[in-house]
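Below: the structure, in structure tokens.
There are 2 protein chains.
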Amino acid sequence: MKNVEKWLPALVWLRTYNKTDVSADVLASLVVTIMLIPQSLAYAMLAGLPLSMGLYASILPLIAYAVFGSSRTLAVGPVAVVSMMTGTAAASFAIPGSEEYVAVAILLSVISGLFLILLGGLKLGFFANLLSHPVISGFITASAIVIAISQMKHILGISIEGHALMEVIPALFMQITTAHLPTFTLGVTSITVLLFLRFYLATVLIRLGFAKQTASLLSKTGPVIVVILSTLIVSFFALDTIGIGVVGSVPTGFPSLQLPDLSYDQVMLLLPSAALISIVGFVESVSVAQSFAAKQRQSINPNQELIGLGCANIASSLSSGFPVTGGFSRSVVSFDAGAKTPMTGVFSAILILMALTFFTSLFYFLPKAVLSATIIVAVLSLVDLKAIKDVWGYSKHDSVAMIGTIMAVLFYGVEVGITTGVGLSILMFLWHTSHPHIAVVGQVTGTEHFRNVERFNVEVHESILTLRVDENLYFANARVMEDKVAALVAEKPNVTDVILMCTAINMIDASALDSLEAISDRLQSANIKLHLSEVKGPVMDKLKESDLIKHLSGNVYLTQYQAVQSILNNTHPT
Amino acid sequence: MKNVEKWLPALVWLRTYNKTDVSADVLASLVVTIMLIPQSLAYAMLAGLPLSMGLYASILPLIAYAVFGSSRTLAVGPVAVVSMMTGTAAASFAIPGSEEYVAVAILLSVISGLFLILLGGLKLGFFANLLSHPVISGFITASAIVIAISQMKHILGISIEGHALMEVIPALFMQITTAHLPTFTLGVTSITVLLFLRFYLATVLIRLGFAKQTASLLSKTGPVIVVILSTLIVSFFALDTIGIGVVGSVPTGFPSLQLPDLSYDQVMLLLPSAALISIVGFVESVSVAQSFAAKQRQSINPNQELIGLGCANIASSLSSGFPVTGGFSRSVVSFDAGAKTPMTGVFSAILILMALTFFTSLFYFLPKAVLSATIIVAVLSLVDLKAIKDVWGYSKHDSVAMIGTIMAVLFYGVEVGITTGVGLSILMFLWHTSHPHIAVVGQVTGTEHFRNVERFNVEVHESILTLRVDENLYFANARVMEDKVAALVAEKPNVTDVILMCTAINMIDASALDSLEAISDRLQSANIKLHLSEVKGPVMDKLKESDLIKHLSGNVYLTQYQAVQSILNNTHPT
Numbered sequence: 014m015k016n017v018e019k020w021l022p023a024l025v026w027l028r029t030y031n032k033t034d035v036s037a038d039v040l041a042s043l044v045v046t047i048m049l050i051p052q053s054l055a056y057a058m059l060a061g062l063p064l065s066m067g068l069y070a071s072i073l074p075l076i077a078y079a080v081f082g083s084s085r086t087l088a089v090g091p092v093a094v095v096s097m098m099t100g101t102a103a104a105s106f107a108i109p110g111s112e113e114y115v116a117v118a119i120l121l122s123v124i125s126g127l128f129l130i131l132l133g134g135l136k137l138g139f140f141a142n143l144l145s146h147p148v149i150s151g152f153i154t155a156s157a158i159v160i161a162i163s164q165m166k167h168i169l170g171i172s173i174e175g176h177a178l179m180e181v182i183p184a185l186f187m188q189i190t191t192a193h194l195p196t197f198t199l200g201v202t203s204i205t206v207l208l209f210l211r212f213y214l215a216t217v218l219i220r221l222g223f224a225k226q227t228a229s230l231l232s233k234t235g236p237v238i239v240v241i242l243s244t245l246i247v248s249f250f251a252l253d254t255i256g257i258g259v260v261g262s263v264p265t266g267f268p269s270l271q272l273p274d275l276s277y278d279q280v281m282l283l284l285p286s287a288a289l290i291s292i293v294g295f296v297e298s299v300s301v302a303q304s305f306a307a308k309q310r311q312s313i314n315p316n317q318e319l320i321g322l323g324c325a326n327i328a329s330s331l332s333s334g335f336p337v338t339g340g341f342s343r344s345v346v347s348f349d350a351g352a353k354t355p356m357t358g359v360f361s362a363i364l365i366l367m368a369l370t371f372f373t374s375l376f377y378f379l380p381k382a383v384l385s386a387t388i389i390v391a392v393l394s395l396v397d398l399k400a401i402k403d404v405w406g407y408s409k410h411d412s413v414a415m416i417g418t419i420m421a422v423l424f425y426g427v428e429v430g431i432t433t434g435v436g437l438s439i440l441m442f443l444w445h446t447s448h449p450h451i452a453v454v455g456q457v458t459g460t461e462h463f464r465n466v467e468r469f470n471v472e473v474h475e476s477i478l479t480l481r482v483d484e485n486l487y488f489a490n491a492r493v494m495e496d497k498v499a500a501l502v503a504e505k506p507n508v509t510d511v512i513l514m515c516t517a518i519n520m521i522d523a524s525a526l527d528s529l530e531a532i533s534d535r536l537q538s539a540n541i542k543l544h545l546s547e548v549k550g551p552v553m554d555k556l557k558e559s560d561l562i563k564h565l566s567g568n569v570y571l572t573q574y575q576a577v578q579s580i581l582n583n584t585h586p587t
Numbered sequence: 014m015k016n017v018e019k020w021l022p023a024l025v026w027l028r029t030y031n032k033t034d035v036s037a038d039v040l041a042s043l044v045v046t047i048m049l050i051p052q053s054l055a056y057a058m059l060a061g062l063p064l065s066m067g068l069y070a071s072i073l074p075l076i077a078y079a080v081f082g083s084s085r086t087l088a089v090g091p092v093a094v095v096s097m098m099t100g101t102a103a104a105s106f107a108i109p110g111s112e113e114y115v116a117v118a119i120l121l122s123v124i125s126g127l128f129l130i131l132l133g134g135l136k137l138g139f140f141a142n143l144l145s146h147p148v149i150s151g152f153i154t155a156s157a158i159v160i161a162i163s164q165m166k167h168i169l170g171i172s173i174e175g176h177a178l179m180e181v182i183p184a185l186f187m188q189i190t191t192a193h194l195p196t197f198t199l200g201v202t203s204i205t206v207l208l209f210l211r212f213y214l215a216t217v218l219i220r221l222g223f224a225k226q227t228a229s230l231l232s233k234t235g236p237v238i239v240v241i242l243s244t245l246i247v248s249f250f251a252l253d254t255i256g257i258g259v260v261g262s263v264p265t266g267f268p269s270l271q272l273p274d275l276s277y278d279q280v281m282l283l284l285p286s287a288a289l290i291s292i293v294g295f296v297e298s299v300s301v302a303q304s305f306a307a308k309q310r311q312s313i314n315p316n317q318e319l320i321g322l323g324c325a326n327i328a329s330s331l332s333s334g335f336p337v338t339g340g341f342s343r344s345v346v347s348f349d350a351g352a353k354t355p356m357t358g359v360f361s362a363i364l365i366l367m368a369l370t371f372f373t374s375l376f377y378f379l380p381k382a383v384l385s386a387t388i389i390v391a392v393l394s395l396v397d398l399k400a401i402k403d404v405w406g407y408s409k410h411d412s413v414a415m416i417g418t419i420m421a422v423l424f425y426g427v428e429v430g431i432t433t434g435v436g437l438s439i440l441m442f443l444w445h446t447s448h449p450h451i452a453v454v455g456q457v458t459g460t461e462h463f464r465n466v467e468r469f470n471v472e473v474h475e476s477i478l479t480l481r482v483d484e485n486l487y488f489a490n491a492r493v494m495e496d497k498v499a500a501l502v503a504e505k506p507n508v509t510d511v512i513l514m515c516t517a518i519n520m521i522d523a524s525a526l527d528s529l530e531a532i533s534d535r536l537q538s539a540n541i542k543l544h545l546s547e548v549k550g551p552v553m554d555k556l557k558e559s560d561l562i563k564h565l566s567g568n569v570y571l572t573q574y575q576a577v578q579s580i581l582n583n584t585h586p587t
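Quick look at the structure:
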């Protein structure tokens, strides 16, 4: 039973699910659905897909996640960055707007789903950890800028394909004279109103006497107000006839369920893009889920999260949807609206299904420029310039990875951006650990302590050279250590004993082991002994399995003090 | 002057160069040259190039390295693995045997040279450190097997293109019936004699009364004996007329010096292959150089080594040669033969130039099967199965990288092999450090020491949870730590304070910093404080630059004991 519960987290909360929970969840789902409908349409538009697909992606995935996901609060569905990544990936395999383009988006969803489940099943959530925080932050900031700029075409009422800034920006400048003024006016007004609602509505409402939480919740429904108002205005004045782009007819009813045909070749072709979409989606989602879980002293299981999101994506593709993940803003709204369990997702799914069956005609006059305005305002809140400044102040290595990611996203697109980021952060980490702090140490007079000769006034014996390497010894710094020892010994002709003080070493890999053997042999050929001191337990356990200890020209000492004493006594016998 | 010497290491040893040195170096150069001539021809054959190119690659590079290299002993020239890599790379851009093929090999040499100088100039020798020892060892073992098998065609007297085992092995089986019996007999006899000479000649000579060093030196000239004898036999019996392949006419004289034309496109096309060739060559070379330097209490400068090898490669391309690097066997012979300074290389170059000008006709009857036999026997000594066993015993992670490299070289060739190896060893290191040892610790009764609760009988307070993470905190394990803290806190409902004991932490990157802030915030939202204890100096210096300390819900304590005392006193005020 315990095992089944591990794979089906829903069984745990369903056991205590009661009436109070039902009413709380139904109420929350109403609020969430009102937000989700325009968001779904907008993100489908952002992905360059038929708008109905946004709604399809907001039904089954919510139910699948409720059953398999481990977060009690996370609201899944289409989100901005993942939608843009889907559009970018699909555009490199098919012509935007074509049937193949739609098919590729659906395939990306199922392949992402399978990939996430695979990672979860093999407990390889580790791969997501390769995205460092500065890289994610830079990636999201840059993606938000790309999204906002790519949406300008809807605000200007012109048509430009793709998201790559190198193409979009020149095209915007060239076509700016052909902008459609009424569309532009509507778009800019919407942006202004949305910004006002986002930043001031809560304050105004609080002043009007609303409770803080209610005010904050209402202010988050700002986009809905703008969507409804603008739809009414366009409809009333028939503004679509003067050229304002509207959503138009959305097909009614749920699509027939079918798993897309998958060939091995297709999977291999789309896998890299699907994997990037999956990992970015997972990383965004898991940090949101973790924040909420902590508030309730719950914990989420990252591998189960992978499976939950995987199932959500497969469910999305089953119903002709595109890749989904857990979104921050909707999760906040759901939480604030009092959602108790993932059943909120199930209720939202039912509500969206109802909307899709009965109310699609209501979306007919919804202006595309307004959808774009909601996207622009939503993504601009993702731009985090303070993070760039903070990372710069804290770590230059992390800054290189972050700025590299931002530049790569802006100039070469999201996929190059994310891979550049991962590559740079790994390289910077290797670089950092491959240039370890190596101190020559001496004895603090009258104590058994040993400290850096450059910082402290310590005793040093001419015949003994003691080095302390403050880093794991592994392939990227093994040769650095060889060079350093060789250089120091070449400088000091009277040295007869070298001690490596291992207090800060948590691991020694096979390369470093070879290097230690090489150092020992080389020193021995110059009649110098190599000793080790203060080796940590787990490291010593490993060394005992190797040949190093046998071949070591010197000894292994428990403490640095013992090492020095013993060497001095042997060299100058009393 | 000091600065000029740094860039021109020759200035240092030239200052004290005297008559004794001259005679020692001339003698050593004679021995080296006798070995180098057949080796140069053999490795040019291995690379699929005109045999004269082997000699071209053994003149100017030796002089260039003598001037710019930092090792006093290293003998540069064509070596087996690099020659095969050159052949493999050239074959993927041009038809073997064509003029373009030769041109590509020369281009690879100049691009490698420029790449090495660039790395040296920018002090980026670091990149070579990304090749872990197990990966290099596996790469060389697998390459040796590939080389040996690819040379079987010359032993069988059949013709097969390329080195890829997937093609060579089936072709060998299919053509085995068409093998040329006299060639096969000659080849197998040569291999047998070479193996005998390698393993027993020294013993026999010692028994005959030779000094050990002389015996060892003579045994290394075994290939020369076989080459001379077989050439005499083929010439005397005119065996070339019955179909035994011979070297034939080698063009006399030195080629006119010219730098190959380089276009940007060509450089970009060949750069990946040239970079791999360079790095493999550098890594092989630098470890040889370092071993010799240590014997004489000298040290080599890896960045100057890059420049020295870079110049050698550019010099090689200038004279229509192919990529070269420092070789182990010739360096040993040179050292054993009493070489005092890099002038040995200059004398060898002069001797080879003389051979090229006056004695090429002597090589006419040299059988190709014998050259192949020398290659096979030479490379089989590179196969190091014990290393595989040792690494397996020491570290499973390193074994994965090593075996992955071997498999990739055998099945997909050298370039895929080396990149797979680098990728795997980085991934394994990240995997290892991303699964740190995290211990819950408690106080050893009556002391100020804190130990793992699972290994020691220690005191734990119900309200305090102390974790010790034995690893640097960085992006690949930041989320692991978040999960672990969340899971432990969820298990222990009475915890009010979490202490992170930082004794083993040498760095905290920006991701881990974010994670610590997130952990602090999340714990605070559950009314739990996060404290740090025993933070190392340099780590604390960095943390002070960040916002963490300000936002931390708890305090930073110098020692773990202080932390516990202070928390207990606050919680239960006396």
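Here the protein sequences come in this chain order: A and B. Counting from 14, one number per residue, gives the positions in the first sequence under my numbering. Counting from 14, one number per residue, gives the positions in the second sequence under my numbering. Think of the CB as a built atom: it goes at the ideal place given N, C-alpha and C, for glycine as much as any other residue.
Item, Value
"Contact set between Met520 of chain B and chain A, taken where Cβ atoms lie within less than 7 Å", "His445"
"Length of the line joining the Cα atoms of Val404 of chain B and Ser229 of chain A", "60 Å"
"DSSP-derived helix/strand/coil call for Thr587 of chain B", "Only weak support exists for where Thr587 of chain B lies, its pLDDT of 39 falling under 50; the value from the coordinates is given anyway. Three-state result, Thr587 of chain B: coil."
"Residue closest to Arg211 of chain A, alpha-carbon to alpha-carbon, out of A:Leu143, A:Leu565, A:Ser232, A:Leu218", "A:Ser232"
"Exposure of Leu423 of chain B, with buried meaning 16 or more beta-carbon neighbours within 10 Å", "buried"
"Delimiting residues of the alpha helix (DSSP H) encompassing Thr479 of chain A", "Note, Thr479 of chain A: premise wrong, no alpha helix (DSSP H); beta strand (DSSP E) at 477 to 482."
"Segment contact flag, the region 23 to 31 of chain B with the region 329 to 337 of chain B, C-beta cutoff 8 Å, min 3 pairs", "no"
"Same chain, Cβ closer than 8 Å to Gln572 of chain A, neighbours up to 5 away in sequence not counted", "Per the sequence shown, the amino acid found at residue 572 of chain A is Thr instead of Gln. Closer than 8 Å at Cβ, skipping near neighbours: Glu461, Ser546, Glu547."
"Contacts of Phe295 of chain B in chain A (Cβ-Cβ under 8 Å)", "By Cβ distance, chain A contributes nothing, its closest Cβ being about 11 Å from Phe295 of chain B, past 8 Å."
"Beta bridge counterpart(s) of Phe442 of chain A as assigned by DSSP", "For Phe442 of chain A, which the question treats as bridged, DSSP gives no partner whatsoever."
"C-alpha distance - Ala57 of chain A paired with Ser84 of chain A, whole-angstrom precision", "25 Å"
"Distance between beta carbons of Ser533 of chain B and Pro336 of chain B, contact taken as under 8 Å", "No, Pro336 of chain B and Ser533 of chain B are not in contact; Cβ-Cβ is about 54 Å, not under 8 Å."
"Chain B contacts made by the region 149 to 169 of chain A, where a contact means CB separation under 9 Å", "Ile149, Ser150"
"Alpha-carbon spacing of Ala491 of chain B relative to Val296 of chain A, whole angstroms", "13 Å"
"CA-to-CA distance, Leu245 of chain A to Gly258 of chain A, given in whole angstroms", "14 Å"
"Simplified DSSP state of Phe267 of chain A, which is helix, strand or coil", "coil"
"Buried or exposed (CB count within 10 angstroms, at least 16 for buried), Met187 of chain B", "exposed"
"Own chain, CB closer than 6 Å to Ser438 of chain A, minus 5 neighbours either side, in chain order", "Ser145, Val148, Ala414"
"Interface residues of chain B facing Leu526 of chain A [CB-CB closer than 7 Å]", "Tyr407"
"Sub-8 Å separation of Val577 of chain A and Gln456 of chain A beta-carbons", "yes"
"Continuous alpha helix (DSSP H) stretch holding Met494 of chain A: start and end", "488 to 504"
"Straight-line gap, Met674 of chain A to Met66 of chain A (C-alpha atoms, nearest Å)", "The first residue shown for chain A is 14 and the last is 587, placing residue 674 of chain A beyond what the model contains."
"Contact check, Leu272 of chain A vs Ile72 of chain A, beta carbons under 8 Å", "no"
"9 Å Cβ cut-off: residues of chain A touching Tyr574 of chain B", "Under the 9 Å cutoff, chain A gives no residues; its nearest Cβ is about 18 Å from Tyr574 of chain B."
"Beta-carbon gap between Ser408 of chain B and Asp522 of chain A smaller than 8 Å", "yes"
"Sub-8 Å separation of Ser262 of chain A and Tyr377 of chain A beta-carbons", "yes"
"Helix, strand or coil at Gly340 of chain B according to DSSP, with G and I counted as helix", "strand"
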